[in-house]
Structures are given as C-alpha cells and as structure tokens.
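In the UniProt record's numbering, the protein residues as written are 1 to 92.
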C-alpha cells in the first residue's frame with residue numbers, strides 16, 4: 001500500500017494545523033482510515049504523511065475543488081504544494 005507525503009508552505013503553521021485537524025470528513029472520503037502524521041517547522045512549512053486505502057480516489061479528491069477550498073481556508077500557499085507517492089521499498 002502506498003503512502004503519500006505532501007509538503008507546502010503555509011501562511012501560519014499554528015493556524016494551518018488547527019484548520020487541518022477539522023477536515024476529518026474530507027480525509028475519510030479520500031479513503032484514509034489510518035492516522036495521518038503531520039509536522040511543521042519555524043519557517044511555516046507543513047508536511048503530512050498518509051496511507052490511503054485507494055490511491056486513485058485519494059488523488060482525485062486531492063485535486064478537487066473541496067480540497068482546494070480546505071487548503072485556502074487553512075492558509076496553504078497552493079503553488080508550493082508538492083506531492084510524493086511512496087510506492088517503493090528498500091530493505092536494509
């Protein structure tokens with residue numbers, strides 16, 4: 001199962017996190033049933049790591065108007081969003 005990491009610059013990290021935590025219904029629609037890991041830094045950058053059950057559904061909703069609206073509400077600088085799909089493993 002793939003994991004998805006998303007990074008972005010945000011206007012205010014504390015405001016972003018507070019808003020992000022209110023979007024549970026949207027995440028359920030994205031087929032996320034496991035905890036989402038998130039973090040921010042002092043430079044107002046945010047990162048999340050999630051593990052969707054259905055990657056195609058996740059990506060479709062990620063690119064939807066509902067997600068764009070949620071990101072705008074949370075203060076995400078949309079042009080800085082980067083998406084990484086971790087679909088490979090390396091054993092050490």
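Even for Gly, the Cβ is constructed at its ideal location relative to N, Cα and C.
Using a 10 angstroms sphere on the CB of residue 62, the tally of other CB atoms reaches 16 or more, which defines it as buried. Residue 83 is positioned such that its CB atom lies closer than 8 Å to that of residue 4.
Considering only 72, 73, 23 and 57, the residue with the shortest C-alpha distance to residue 2 is 57.
The continuous alpha helix (DSSP H) containing residue 61 extends over residues 55-62.
The Cβ-Cβ distance between residue 85 and residue 55 falls below 8 Å. Between the alpha carbons of residue 21 and residue 73 lies a gap of roughly 12 Å. Listed in chain order, the beta strand (DSSP E) elements of length 3 or more contained wholly in the region 9-71 are 37-40 and 45-50.
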